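**Q**
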Amino acid sequence: MTWTRRPLAALALCVLLLAGSAGCGSGDARKGDASPTPVGKILEDRDHEGRPYRDVGQEGAPDVGIEVQPGTAGGWDVRLTVRNFRFSPAGAAARAVAGRGLARLFVDGRPVARLRAPAYRLDARLVPRGTHRLTARLYADDGTVWAVDGKPVESTADITASEPGPGATPDTASRRKARTQGADTGGRGSPARPGRAS
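Count the sequence shown with mature numbering (1 follows the signal peptide of the UniProt record, and there is no 0) and you get residues -24 to -1, 1 to 174, in order.
1) For Gly47, I'd like the list of residues in its chain whose CB is within less than 7 Å of its CB, leaving aside the five on either flank, ordered along the chain.
2) On the CB-based measure, 16 or more other CB atoms within 10 Å of its CB, does Thr132 come out buried or exposed?
3) Ala70 lies in the beta strand (DSSP E); which residues open and close that run?
4) Exposed or buried, which one is Asp39 when buried takes at least 16 other CB atoms within 10 Å?
5) With DSSP as the reference, please indicate the residues paired to Arg90 in a beta bridge.
6) Can you tell me which of the three DSSP states Arg59 falls into?
7) Taking the beta carbon of Arg80 as the centre, do at least 16 other beta carbons fall within 10 Å, making it buried, or is it exposed?
8) Relative to the C-alpha of Asp99, which residue among Thr107, Phe61 and Val83 is closest?
9) On the DSSP letters alone, give me the boundaries of the beta strand (DSSP E) that His108 sits inside.
10) Could you pull out every residue in the same chain whose Cβ sits closer than 8 Å to the Cβ of Asp117, ignoring the five residues on either side in sequence?
11) With a cut-off of 8 Å on the beta carbons, I'd call Arg105 and Ala137 a contact; round off their distance for me.
12) Quick check on Asp23: buried or exposed, where buried means 16 or more other Cβ atoms within 10 Å of its Cβ?
13) Just how far apart, CA to CA, sit Leu91 and Gln45?
14) Would the beta-carbon of residue 181 fall within 9 Å of that of Gly41?
15) Compare the Cα-Cα distances from Pro94 to each of Glu25, Phe61, Gly51 and Gly33 and report the closest residue.
16) Could you round the C-beta distance between Arg30 and Thr111 to whole angstroms and report it? I think they count as a contact, below 8 Å.
17) Give me the Cα-Cα distance between Leu114 and Thr107, rounded to the nearest whole angstrom.
18) Go ahead and pull the three-state DSSP assignment for Ala123.
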């Protein structure tokens, strides 16, 4: 009878080991379901739409620059230059991940676009005749505003659009200029990346 006890004991031990490893997994086994480590600190400050600022340290912080050019077919070609930041794809989970998210464009403080890529064509109807302020601001996927030292991570360009004069063709009459501003507007955009004038 001892020969039957050993195989049964070995079989019972195998069952216990298999059942134990399946039911008592480590914390790494559920990585996809685990909540992410908090990124930065949520501040009391909010943007004009009520979205809170998410303050992160200067080292490795996201940064954005903006360049605006007149488009060949009208409108404006907007190009963002980002550092320590990656655009999240559409449908990304609504949570803050360090250095990820989207950019929002504002014309004179009015939201006009959500960007998940660095290039955008701004319709001329959104920038009527005159001088306007175009701002690109970085947001985390949970809707919070990326901030450093309590200031939003953003960059601003002043753009001027004029109407065609008498005898001028639309291409030569649409004299437009763009000038990038950064820290002087309260954001983290780098004034070292100037916009170009045409």
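Backbone N, C-alpha and C define an ideal beta-carbon position, used for all residues, glycine too.
Predicted model, so just to flag it, every value in this text is computed and none were measured.
**A** Inspection of the coordinates gives the following:
1) Asp53 and Arg97
2) buried
3) Here Ala70 belongs to no beta strand (DSSP E), and DSSP marks it neither H nor E.
4) buried
5) Arg80
6) strand
7) buried
8) Val83
9) Gly106 to Tyr115
10) Ser64, Ala68, Ala69, Ala70, Arg71, Ala72, Val73, Arg76, Gly77 and Leu78
11) 6 Å
12) buried
13) 17 Å
14) No statement about residue 181 is possible, as the shown extent of the chain runs from -24 to 174 and does not include it.
15) Phe61
16) Not confirmed; about 18 Å, so no contact.
17) 23 Å
18) strand
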